[in-house]
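Chain order of the listed sequences is F and H.
Here the UniProt record's numbering is used: position 117 in the first sequence is 117, and no number is missing along the way.
Here the UniProt record's numbering is used: position 127 in the second sequence is 127, and no number is missing along the way.
What follows is a set of notes on a single structure, which appears directly below.
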Amino acid sequence: MNLPKIPLSDWIETLEEWLENNLSPLFDFIKLIIGGTVEGLNNALDWLPTLAVIIIFSALAWYIGKWKMGVFTAIGLLIIDNLQLWSQTMQTLSLVLTAAFISILIGIPIGILIARYNGLQRVITPVLDFMQTMPAFVYLLPAVTFFSLGVVPGVISSIIFAIPPTIRLTNLGIRQVPAELVEAADAFGSTPGQKLIKLQLPIALPTIMAGVNQTIMLSLSMVVIASMVGAQGVGATVYRAVTQVKTGIGFEAGLAIVILAIILDRLTQQVIKRSKA
Amino acid sequence: MAIIEARKLTKIFGNDPKKAIPLLDKGWSKDKILAETKLTVGVNQAEFSIEEGEIFVIMGLSGSGKSTLVRLLNRLIEPTAGQLLFSGQDVMKMNAEQLRDFRRKNIGMVFQKFALFPHRTVLRNAEYGLEVQGIVKKERKEMAMRSLELVGLKGWEDSYPEQLSGGMQQRVGLARGLANDPDILLMDEAFSALDPLIRKDMQDELLELQSQMKKTIIFITHDLDEALRIGDRIALMKDGRIVQIGTPEDILMQPANEYVERFVEDVDLSKVLTASHVMEKAETITLDKGPRVALQFMRERGVSSLYAVDKSMKLLGIVTADDAARAIKENLKLEDTLMREDIPIVSPDAVLNELFELMGNIRLPVAVTDDNGRLKGVVIKGAVLAALAGNTNVVTEGGDNHESA
Ligand SMILES: Nc1ncnc2c1ncn2[C@@H]1O[C@H](COP(=O)(O)OP(=O)(O)OP(=O)(O)O)[C@@H](O)[C@H]1O
Ligand SMILES: [Mg+2]
């Protein structure tokens with residue numbers, strides 16, 4: 001077929017340019033916030049002695065989970081330290097926690113809104129599908145254009161990639177609240193806000209937390225990709241090992257990510273279990 | 001003034017429901033409307049008014065529109081057409097805020113599947129209606145506790161609903177409905193999920209509560225026995241339409257059409273009909289008369305005994321023909337031969353079952369007296385048998401005396 005090619009890439013680039021020219025104060029502001037959060041978190045983790053951080057996390061794991069969780073966390077973090085990947089891992093943790101935190105902050109309200117308005121759900125669902133199926137690399141380019149190199153475009157692309165489960169499962173959790181309970185809340189004259197806070201969110205909490213768990217895992221899976229635009233951390237170590245074909249170092253850094261993943265996963269799973277009880 | 005008044009209250013489900021209204025006016029049936037327009041008639045032009053303090057039962061087969069009708073009353077389902085007044089106020093004109101206020105203060109609800117909040121304790125469930133009104137913690141706790149006590153759940157306030165049996169869960173539902181002291185309580189098959197014995201207990205308790213609190217209760221059931229037990233009046237629904245409204249007696253004795261008749265034909269009359277339904281006028285005499293007069297009376301009326309009463313109809317005893325004859329022979333007064341002991345007596349509310357047991361052992365008719373010992377009538381064996389056999393003529397005659405609230 002000899003139809004002229006749709007100039008989709010031109011359009012996208014025009015849009016990108018327009019956004020860059022017109023919204024750059026907004027992007028600067030976002031950059032300031034996100035960059036500041038990651039850096040602040042990282043500084044705090046850096047400033048504390050390694051052992052103190054290990055003890056704090058292990059105690060937290062013990063408190064939330066069982067003693068086994070505490071022991072696993074302690075051993076895992078000690079291994080990371082022993083592999084001399086401590087400061088990189090803390091950088092990665094800062095990035096992941098920031099991305100997850102912002103995803104939750106934005107994702108839960110969006111989930112609440114689309115649970116409430118069917119029309120909005122019909123619009124947002126395909127957008128979420130799109131966000132999750134588009135290769136995550138693609139987000140890096142505009143993110144770099146708007147936020148320049150560094151950790152911020154990494155966080156932004158992690159958020160885009162990782163936010164859908166929180167939105168979806170918040171929506172699902174709220175919609176799954178039994179109709180008779182919603183009816184009862186209505187029958188007693190609840191306002192929509194009271195219904196949300198006193199009934200829907202508490203009942204939906206385990207489902208929402210399952211979404212949060214997935215969001216954290218997905219943002220962790222983005223750390224290597226994020227390192228390609230200059231985000232520091234174990235992701236960058238893996239990336240460098242790959243480009244320099246250093247299998248051993250790559251494996252060590254990968255192990256650090258796995259340990260971090262297991263700790264974060266088990267911790268959030270425990271929170272889900274508790275919210276069900 | 002009636003507390004609830006519904007005029008042509010109608011609910012049609014589906015797209016563009018208003019277009020079915022003229023069809024209802026033309027008298028189209030629910031089936032025909034569904035076939036031609038794909039619209040479902042939920043409630044078809046219901047007309048009724050409910051008095052304060054009444055237990056109004058809505059009864060009908062599954063799908064007849066009971067749940068829809070009761071939800072129109074607090075607008076959990078928006079009416080498609082018609083008018084609804086609460087103490088003269090137009091409920092359908094209320095805005096969202098006024099409607100919330102109406103639901104919070106005036107109209108409570110108890111649900112078939114309890115619909116308790118699983119993440120809240122019993123106490124916090126009972127508090128819910130007060131909490132959304134913004135009543136402060138201490139006060140709402142007191143009110144909820146009082147309500148829980150009323151339904152016999154004191155000591156369970158810190159349990160969670162899943163830890164309770166079905167009967168207890170529904171008590172929580174009832175306590176939650178009563179806690180904010182609404183004028184009206186809607187109960188949609190509130191006892192249907194309970195097993196029969198517990199169900200009967202709950203019915204008794206509801207009646208007991210009702211006698212204390214004088215709420216207006218709108219109670220849905222598809223069980224006729226339940227309706228007859230607790231209803232002051234019963235509305236029977238079919239295909240969204242109310243086919244008959246009346247006292248339990250009306251429904252049983254004068255079914256408006258075949259549908260109602262079929263509905264009531266399986267009723268165990270011996271548990272439903274009472275002495276007041278089957279009693280006849282008692283032949284009486286006052287003691288200032290002599291034995292000759294008594295004998296004369298008996299001859300005239302074709303009976304073998306008379307009930308002796310005072311001027312206020314208080315039952316004093318029985319004069320039999322034999323005793324009257326003996327009094328004449330021995331020159332005694334009526335009073336001296338009067339049989340005062342062992343007179344079978346029942347109250348007007350005694351059901352035929354009890355009467356039947358009583359009558360098995362004795363030959364005398366049974367006197368029916370009210371709480372003050374006043375003679376109301378007499379029940380003879382034949383009438384009881386006739387009533388149980390479904391001979392309603394016998395029954396309706398006596399039924400006139402029965403007071404219905
Ligand atoms: N949300 C709805 N959408 C469409 N049709 C409905 C809806 N709710 C009820 N209906 C229909 O309205 C009619 C009345 O239903 P309703 O639930 O009021 O009956 P019911 O008498 O309470 O029955 P049951 O004894 O089974 O509870 C039925 O034909 C039902 O299918
Ligand atoms: Mg129903």
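Each residue gets a CB set at the ideal place from its N, CA and C atoms; glycine is no exception.
Between which two residues does the alpha helix (DSSP H) holding V238(F) run? Here residue 238(F) refers to the residue found at position 238 when the first sequence is read from its first residue. That run of the alpha helix (DSSP H) goes 234-243.
Which residue from R292(H), E205(H), A308(H) puts its Cα closest to that of I328(H)? In the second sequence, counting from the first residue as 1, residue 328(H) sits at position 328. The shortest C-alpha separation from I328(H) is found at R292(H).
Going by the CB atoms, is the gap between S49(H) and I4(H) shorter than 9 Å? Within the second sequence, the letter at position 4 stands for residue 4(H). Within the second sequence, the letter at position 49 stands for residue 49(H). For I4(H) and S49(H), yes; Cβs fall inside 9 Å.
Quick check: the Cα distance between R175(F) and P206(F), rounded to an integer number of angstroms? Within the first sequence, numbered from 1, the residue matching residue 175(F) stands at position 175. Within the first sequence, numbered from 1, the residue matching residue 206(F) stands at position 206. Cα-Cα distance, rounded: 13 Å.
P202(F) touches chain H at which residues, Cβ-Cβ below 8 Å? Translated into the one-based positions of the first sequence, residue 202(F) becomes position 202. Neighbours of P202(F) on chain H, chain order: H119.
Pairwise C-alpha distance: M217(F) and D225(H): Start at 1 with the first residue of the second sequence, and residue 225(H) comes out as number 225. Start at 1 with the first residue of the first sequence, and residue 217(F) comes out as number 217. One C-alpha to the other measures close to 59 Å.
Are any of the Cβ atoms in chain H nearer than 9 Å to that of Q194(F)? Along the first sequence, one-based indexing puts residue 194(F) at 194. Closer than 9 Å to some Cβ of chain H, the Cβ of Q194(F) qualifies, so yes.
Terminal residues of the alpha helix (DSSP H) in which G250(F) lies: Here residue 250(F) is taken as the residue at index 250 of the first sequence, counted from 1. Taken as a continuous stretch (DSSP letters only), the alpha helix (DSSP H) holding G250(F) covers 247-276.
Once DSSP output is grouped into helix, strand and coil, what is the label at M339(H)? To locate residue 339(H), count along the second sequence from 1; it is residue 339. Of the three classes helix, strand and coil, the one that applies to M339(H) here is strand, per DSSP.
If you measure beta-carbon to beta-carbon, which residues of the segment 157-181 of chain F are closer than 9 Å to chain H? P178, E180, L181
Cβ of I33(F) within 9 Å of Cβ of G107(F)? Position 33 of the first sequence, counted from the start, is the residue given in the question as residue 33(F). Position 107 of the first sequence, counted from the start, is the residue given in the question as residue 107(F). No, they are not a contact pair.
Through-space distance from Q170(H) to A185(F), alpha-carbon basis: As a working note, residue 185(F) is residue 185 in the first sequence. As a working note, residue 170(H) is residue 170 in the second sequence. Approximately 16 Å between the Cα atoms of the pair.
Chain F residues whose Cβ lies nearer than 9 Å to that of L76(H): Position 76 of the second sequence, counted from the first residue, corresponds to residue 76(H). Going along chain F in sequence order, the residues near L76(H) (Cβ under 9 Å) are E183, D186, A187.
Can you give the Cα-Cα distance for M1(H) and E47(H), rounded to whole angstroms? Looking up residue 1(H) in the second sequence gives position 1. Looking up residue 47(H) in the second sequence gives position 47. If I take the Cα positions, the gap works out to 16 Å.
Among the residues of its own chain, which have a CB less than 8 Å from the CB of Q203(H), if the five just before and after it don't count? The sequence position of residue 203(H) within the second sequence is 203, counting from 1. Around Q203(H): F191, E226, R229, I230.
Using alpha carbons as the reference points, say which of S158(F), T133(F), M134(F), I249(F) lies closest to V144(F). Here the question's residue 144(F) lines up with position 144 in the first sequence. Of the candidates S158(F), T133(F), M134(F), I249(F), the one whose C-alpha sits nearest the C-alpha of V144(F) is S158(F).
Which residue from T215(F), G70(F), L78(F), S87(F) puts its Cα closest to that of I102(F)? Counting from one through the first sequence, the residue named residue 102(F) turns up at place 102. Considering only alpha carbons, the answer is T215(F).
Suppose you measure from the CA of R240(F) to the CA of A136(F); what does that come to, to the nearest Å? As a first step, residue 240(F) is located in the first sequence; it is residue number 240 there, counting from the start. As a first step, residue 136(F) is located in the first sequence; it is residue number 136 there, counting from the start. Cα to Cα, the separation comes out at about 19 Å.
Is there a C-beta anywhere in chain H that falls below 9 Å from the one on S148(F)? For the purposes of this step, residue 148(F) is taken as residue 148 along the first sequence, with counting starting at 1. No, its Cβ sits nowhere closer than 9 Å to a Cβ of chain H.
Since I believe N42(F) is in contact with S9(F) (beta carbons under 8 Å), could you give me their beta-carbon distance rounded to a whole number of angstroms? Your numbering for residue 9(F) matches position 9 in the first sequence. Your numbering for residue 42(F) matches position 42 in the first sequence. That belief does not hold up - the Cβ atoms of S9(F) and N42(F) are roughly 36 Å apart, past 8 Å.
Taking 9 Å as the threshold (C-beta atoms), are F188(F) and V379(H) in contact? In the second sequence, residue 379(H) corresponds to position 379, counting from 1. In the first sequence, residue 188(F) corresponds to position 188, counting from 1. Cβ distance not < 9 Å, so V379(H) and F188(F) don't count as in contact.
Is T284(H) helix, strand or coil by DSSP? Here the question's residue 284(H) lines up with position 284 in the second sequence. Residue state, collapsed to three classes: strand.
What does M94(H) touch in chain F if you count any residue whose Cβ is under 8 Å from its own? For the purposes of this step, residue 94(H) is taken as the residue at position 94 of the second sequence. Under the 8 Å cutoff, chain F gives no residues; its nearest Cβ is about 11 Å from M94(H).
By a C-beta neighbour count over all protein chains shown, 10 Å radius and 16 as the cutoff for buried, is Y117(F) buried or exposed? Stepping through the first sequence from its first residue, residue 117(F) is reached at position 117. Burial call: exposed.
Proximity of residue 482(H) and V309(H) at Cβ, strictly below 9 Å: Nothing in the structure corresponds to residue 482(H), since chain H is present only between 1 and 405.
I want to know whether the segment 146-158 of chain H touches the segment 117-125 of chain H - three or more CB-CB distances under 8 Å. yes
Using the beta-carbon of each residue, find all residues closer than 6 Å to any heavy atom of ligand 1 and list them in chain order. F13(H), T40(H), G42(H), G60(H), S62(H), G63(H), S64(H), G65(H), K66(H), S67(H), T68(H), H222(H)
I'd like to confirm something about D239(H): is its beta-carbon nearer than 8 Å to some heavy atom of ligand 2, or not? On the second sequence, residue 239(H) is found 239 positions in, with the first residue counted as 1. No, the Cβ of D239(H) stays beyond 8 Å of every heavy atom of ligand 2.
So does Q112(H) have its beta carbon nearer than 8 Å to some heavy atom of ligand 2? The residue you call residue 112(H) lines up with position 112 of the second sequence. Yes, the beta carbon of Q112(H) sits closer than 8 Å to at least one heavy atom of ligand 2.
Is D188(H) near ligand 4, judged by its Cβ being under 8 Å from some heavy atom? As presented, the structure is devoid of ligand 4, carrying ligand 1 and ligand 2 as its sole ligands.
Looking at the unbroken alpha helix (DSSP H) that takes in R301(H), where does it start and where does it end? The sequence position of residue 301(H) within the second sequence is 301, counting from 1. 291-301 is the extent of the alpha helix (DSSP H) around R301(H).
Which same chain residues end up closer than 6 Å to E52(H) when comparing Cβ atoms and leaving out the 5 residues on each side of it in sequence? Numbered from its first residue, the second sequence carries residue 52(H) at position 52. Counting only Cβ-Cβ distances below 6 Å, and skipping sequence neighbours, we find I3, T216.
In the DSSP assignment, the beta strand (DSSP E) including S305(H) goes from what residue to what residue? Looking up residue 305(H) in the second sequence gives position 305. From DSSP, the beta strand (DSSP E) with S305(H) extends over 305-309.
Short check: CB of D239(H) to CB of V41(H), under 9 Å? What you label residue 239(H) is simply residue 239 of the second sequence in a count that begins at 1. What you label residue 41(H) is simply residue 41 of the second sequence in a count that begins at 1. Yes, the Cβ-Cβ distance between D239(H) and V41(H) is below 9 Å.
Within the 9 Å Cβ cut-off, does N15(H) reach chain F? Within the second sequence, the letter at position 15 stands for residue 15(H). Answer no: the Cβ-Cβ gap between N15(H) and chain F never drops below 9 Å.
Under a Cβ-count criterion, where at least 16 other Cβ atoms within 10 Å of its own Cβ denotes burial, should Q244(F) be classed as buried or exposed? Counted from its first residue, the first sequence places residue 244(F) at position 244. Looking at its Cβ environment, which holds fewer than 16 other Cβ atoms inside 10 Å, Q244(F) is exposed.
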